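One line per chain: the protein sequences are A and B, in this order. Here my numbering is used: the first residue of the first sequence is 1, the next is one more, and so on. Here my numbering is used: the first residue of the second sequence is 1, the next is one more, and so on. A virtual CB, placed ideally from N, CA and C, is assigned to each residue, including glycine. These figures come from a predicted structure and were not determined experimentally.
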Amino acid sequence: MSKLAIRGVTRVFPGVRGRAPVKALEPIDLDVADNDFICILGPSGCGKSTLLRIVAGLAEPSAGEVRLDGRAISGPGPDRGMVFQSYTLFPWLTVRGNICFGLNEKGLSKAEQRARADEFIGRVGLTGFEDHFPRQLSGGMQQRTALARALATDPELLLLDEPFGALDNQTRALMQELLLGIWEAHRKTVLFVTHDIDEAIFLATRVVVMSARPGRIKCDIPIALDHPRRYTVKTTPEFAAYKARLTDEIRDEAIRAIALEA
Amino acid sequence: MKRSPFTPLRPLSPGVRVALGIAFFVAFVALWAQATYGGWVRPLFLASPGSAVVAGVTLFTEYGFAFDIAVTIWRVVGGFIVAAVIAVPLGIAMGAFKPVEAFFEPFISFARYLPASAFIPLLILWAGIGETQKLAVIFIGSFFQLVLMVAVIVGATRIDLVEAAYTLGARPSGIVRRVMLPNAAPQIAETLRLVLGWAWTYVIVAELIGAQTGIGHMIMDSQRLLDTGQMIFGIVTIGVIGLVTDLLFKEANRRLFPWFQAS
Ligand SMILES: Nc1ncnc2c1ncn2[C@@H]1O[C@H](COP(=O)(O)OP(=O)(O)OP(=O)(O)O)[C@@H](O)[C@H]1O
Ligand SMILES: [Mg+2]
Numbered sequence: 001m002s003k004l005a006i007r008g009v010t011r012v013f014p015g016v017r018g019r020a021p022v023k024a025l026e027p028i029d030l031d032v033a034d035n036d037f038i039c040i041l042g043p044s045g046c047g048k049s050t051l052l053r054i055v056a057g058l059a060e061p062s063a064g065e066v067r068l069d070g071r072a073i074s075g076p077g078p079d080r081g082m083v084f085q086s087y088t089l090f091p092w093l094t095v096r097g098n099i100c101f102g103l104n105e106k107g108l109s110k111a112e113q114r115a116r117a118d119e120f121i122g123r124v125g126l127t128g129f130e131d132h133f134p135r136q137l138s139g140g141m142q143q144r145t146a147l148a149r150a151l152a153t154d155p156e157l158l159l160l161d162e163p164f165g166a167l168d169n170q171t172r173a174l175m176q177e178l179l180l181g182i183w184e185a186h187r188k189t190v191l192f193v194t195h196d197i198d199e200a201i202f203l204a205t206r207v208v209v210m211s212a213r214p215g216r217i218k219c220d221i222p223i224a225l226d227h228p229r230r231y232t233v234k235t236t237p238e239f240a241a242y243k244a245r246l247t248d249e250i251r252d253e254a255i256r257a258i259a260l261e262a
Numbered sequence: 001m002k003r004s005p006f007t008p009l010r011p012l013s014p015g016v017r018v019a020l021g022i023a024f025f026v027a028f029v030a031l032w033a034q035a036t037y038g039g040w041v042r043p044l045f046l047a048s049p050g051s052a053v054v055a056g057v058t059l060f061t062e063y064g065f066a067f068d069i070a071v072t073i074w075r076v077v078g079g080f081i082v083a084a085v086i087a088v089p090l091g092i093a094m095g096a097f098k099p100v101e102a103f104f105e106p107f108i109s110f111a112r113y114l115p116a117s118a119f120i121p122l123l124i125l126w127a128g129i130g131e132t133q134k135l136a137v138i139f140i141g142s143f144f145q146l147v148l149m150v151a152v153i154v155g156a157t158r159i160d161l162v163e164a165a166y167t168l169g170a171r172p173s174g175i176v177r178r179v180m181l182p183n184a185a186p187q188i189a190e191t192l193r194l195v196l197g198w199a200w201t202y203v204i205v206a207e208l209i210g211a212q213t214g215i216g217h218m219i220m221d222s223q224r225l226l227d228t229g230q231m232i233f234g235i236v237t238i239g240v241i242g243l244v245t246d247l248l249f250k251e252a253n254r255r256l257f258p259w260f261q262a263s
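Laid out in structure tokens, this is it:
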């Protein structure tokens, strides 16, 4: 049985001011195995965030259902950690305070919370910044804290919605290596949304390409690059082959997406 | 590039800031002195700075003005605390829970436009001219404003922070307690500071009518004696107390909420 099963999930947004309703997702079927690292690749506006929010339980599907370990999802919960597209650290809490938030909800003692928070602060390379407030951090540091916050509660499933989308290329590349390193060491089931082809190939065990709106799954490509992967893999011929293929797939969709917006 | 100090939003060094602030006070007093000592205005209408100070000393030494100040402060603070203790929790509940908001909001929006000073004759009828009536004026003046402002602040909590908290396992009570409250706290404190300032205007109005003590009553008495020195000293006293509480409030907020970047 798969870890996560998405069955016939659709989403229609009601029309704004008399306009026709917006169909964001066509029926989506997706099975995710334990320890899979799935990258969902698609053009802007194709419904990637919508799909992830449905899995997180933050939005309801118009039809269909999502099951995690066989149980239907009916709302948000700590078994699905999420890192958002926007910066969502609690501004009144320090780095450590932010990471302790979910641990506190779990009922850990203060000492346990602190020990675990510091462990994850080390894992994302923020030792020395425990007592900084979010506004004292760069964007990359904020997203690393958000990642540590989502990982600390030990979720079954990690949902990442373009977490590095707002970062510059160099920082983004380092963050990818950091995330991949954590995944290789601790094996989580991950659903990672992106519109960056290189990012998807580098991170994923499977890349799922979505079509332009209404989003549906266009193709599903396993990435057979060896682990542990180093950044040098990006210059190998195998990587280039995946890239050529995915670029083709996504290009048509991007063109359609732009035509939709016009 | 050398930029002019009038570049929009360009910050100022603290020293220059304080100096400029003091400079206006100096200019103001200088103008006042010129107007009175220079004979532009007759002493009957406007006392000079010197005679205002002399009148102030007499007030303290012979008329027990310190007691009036204490009474006025107690009225403001008392009425304001009663208002805040009820208004802040109610505002939080309204901001967080839409049914509570739908129930209270229309009436409170209406009540907020009822001028507190217009209630004074009615309140005297109901509660006499004692302390209850004074506190009630402050209460009416600040309560409705506070509730609405707190409700708006709490209701404006960023939805993505709420969602992040849900994915970290928070339950609805935790959302209110651990997200909405800390998020709104600095702005609620700012609102309290603002409304406390308004409460000062209500207390003086309340003391002008039917009072035996307080700064407002002293000003009213001085009018009968045509003592503009005392009147001005009374008004300035209110200003000074207001300024000091404001500074204390600001400093407390700065220390309590180091994460909050006031705009
Ligand atoms: N609350 C909403 N009400 C109405 N329409 C919405 C709403 N949220 C999303 N949509 C529409 O649904 C579609 C998919 O949105 P979604 O945010 O899932 O896209 P996305 O793939 O995450 O895009 P991006 O890569 O730009 O983040 C968009 O066309 C958007 O206009
Ligand atoms: Mg999105």
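Straight-line Cα distance separating Leu159/A from Lys243/A
Each residue's Cα considered, the two are about 24 angstroms apart.
Check whether the Cβ of Pro182/B lies closer than 8 angstroms to any Cβ atom in chain A.
Chain A, which has a Cβ nearer than 8 angstroms to the Cβ of Pro182/B, makes this yes.
Let me see if you follow: with CB-CB separation under 8 angstroms, is Leu161/B close to chain A or not?
At a cut-off of 8 angstroms between C-beta atoms, Leu161/B counts as an interface residue with respect to chain A.
From the DSSP output, in three-state form, read off Val124/A for me.
It is coil, neither helix nor strand.
Under the three-state reduction of DSSP, which class applies to Ala181/A: helix, strand or coil?
A quick correction: the sequence has Gly, not Ala, at residue 181/A. Three-state DSSP puts Gly181/A in a helix.
Let me make sure I understand the geometry here. Which of Phe104/B, Lys134/B and Pro43/B has the alpha-carbon closest to that of Thr72/B?
Taking only the C-alpha atoms, the option nearest Thr72/B is Lys134/B.
Could you work out which residues of chain A lie near Ala151/B, taking near to mean beta carbons separated by less than 9 angstroms?
Simply none; closest approach about 20 angstroms.
Phe120/A: buried (16+ other C-beta within 10 angstroms of its C-beta) or exposed?
Per the 10 Å Cβ criterion, buried.
Am I right that Val190/A and Ile38/A are in contact with their C-beta atoms under 8 angstroms? What's the rounded C-beta distance?
So it is a contact: roughly 7 angstroms between Cβ atoms.
Opening and closing residue of the beta strand (DSSP E) in which Lys48/A lies
Premise fails: Lys48/A lies in the alpha helix (DSSP H), Lys48 to Ala56, not in any beta strand (DSSP E).
Rounded to whole angstroms, how far is the Cβ of Ala185/B from the Cβ of Phe257/B, which I believe are closer than 8 angstroms?
Correct: roughly 7 angstroms between the Cβ atoms.
DSSP three-state label for Lys218/A, please.
Looking at Lys218/A - three-state DSSP - the assignment turns out to be strand.
According to DSSP, simplified to helix, strand and coil, what is Ser13/B?
For Ser13/B, the three-state secondary structure derived from DSSP is coil.
Give the range of the alpha helix (DSSP H) segment to which Met220/B is assigned.
Where Met220/B is concerned, the enclosing alpha helix (DSSP H) stretches over Ile215 to Arg224.
Select from the stretch 43-66 of chain A all residues with a C-beta closer than 9 angstroms to any C-beta belonging to chain B, and list them in chain order.
Within the stretch 43-66 of chain A, the qualifying residues are Arg53, Ala56, Gly57 and Leu58.
Beta carbon shell of ligand 2 at less than 7 angstroms from a heavy atom
Qualifying residues come out as Lys48/A, Ser49/A, Gln85/A, Asp161/A, Glu162/A and Val193/A.
How would you call Gly81/A, buried or exposed, if buried means at least 16 neighbouring beta carbons within 10 angstroms?
With 16 or more other CB atoms across the displayed protein chains lying within 10 angstroms of its CB, Gly81/A is buried.
Counting only Cβ-Cβ distances shorter than 7 angstroms, please list the residues of the stretch 61-95 of chain A near chain B, keeping chain order.
For chain B, the residues of the stretch 61-95 of chain A that bring a beta carbon within less than 7 angstroms of one of its beta carbons are Pro76, Gly77, Pro78, Arg80, Gly81, Met82, Phe84, Ser86, Thr88, Phe90, Pro91 and Trp92, in chain order.
Span separating the alpha-carbon of Arg251/A from that of Gly165/A
Near 19 angstroms, if we compare the C-alpha coordinates of Gly165/A and Arg251/A.
What are the start and end residues of the alpha helix (DSSP H) that includes Val77/B?
Unbroken alpha helix (DSSP H) run through Val77/B: Phe65 to Ala96.
With respect to the beta strand (DSSP E) encompassing Met82/A, which residues constitute its N-terminal and C-terminal limits?
That run of the beta strand (DSSP E) goes Arg80 to Val83.
Given a threshold of 16 other Cβ atoms within 10 Å of its Cβ, counted over all protein chains shown, does Glu112/A qualify as buried or as exposed?
Glu112/A comes out exposed.
Report yes or no: is there a C-beta of chain B within less than 8 angstroms of the C-beta of Arg149/A?
At least one chain B Cβ lies under 8 angstroms of Arg149/A.
Among residues of its own chain, excluding the 5 on either side of Gly242/B, which ones have a beta-carbon nearer than 8 angstroms to its beta-carbon?
Same-chain partners within the cutoff: Gly197 and Trp200.
For Gly64/A, three-class secondary structure by DSSP:
Gly64/A falls in the strand class under three-state DSSP.
Neighbour-count burial assignment, Phe143/B, 16 or more Cβ in a 10 Å radius:
Taking all protein chains shown into account, Phe143/B has 16 or more neighbouring C-beta atoms within 10 Å of its C-beta and is therefore buried.
If you check the beta carbons only, do Ile40/A and Gly57/A fall under 8 angstroms apart?
No, the pair does not count as a contact, with Cβ atoms beyond the cut-off.
Is there a Cβ from chain A that is less than 8 angstroms from the Cβ of Gln261/B?
Judged by the 8 angstroms Cβ criterion, Gln261/B is in contact with chain A.
Between the beta-carbon of Gly47/A and the beta-carbon of Pro214/A, is there less than 8 angstroms?
Yes.
Would you kindly work out how many angstroms separate the C-alpha atoms of Leu126/A and Met141/A, rounded to a whole number?
The straight-line gap from Cα to Cα measures roughly 7 angstroms.
Given a threshold of 16 other Cβ atoms within 10 Å of its Cβ, counted over all protein chains shown, does Arg11/A qualify as buried or as exposed?
Residue burial is scored here from C-beta neighbours: Arg11/A has at least 16 other C-beta atoms within 10 angstroms and is therefore classed as buried.
Give me the subset of the stretch 166-179 of chain B whose CB atoms are less than 9 angstroms from a CB atom of chain A, sorted by chain position.
Taking 9 angstroms as the Cβ-Cβ cut-off against chain A, the residues of the stretch 166-179 of chain B that qualify are Tyr166, Thr167, Leu168, Gly169, Ala170, Arg171, Gly174, Arg178 and Val179.
In the stretch 186-252 of chain A, which residue ranges form an unbroken beta strand (DSSP E) of at least 3 residues, counting only runs that do not cross its ends?
For the beta strand (DSSP E) assignment, the uninterrupted runs of no fewer than 3 residues enclosed by the stretch 186-252 of chain A are, from N- to C-terminal side, 189-194, 206-210 and 217-222.
Secondary structure of Val12/A, DSSP reduced to three states
Strand, per DSSP.
Can you tell which of Ile129/B, Arg193/B, Leu161/B and Pro115/B has the C-alpha that lies nearest to the C-alpha of Val150/B?
Of Ile129/B, Arg193/B, Leu161/B and Pro115/B, the residue nearest in Cα terms is Arg193/B.
Alpha carbon to alpha carbon, what distance is there between Phe101/A and Leu248/B?
Answer to the nearest angstrom: the Cα atoms are 32 angstroms apart.
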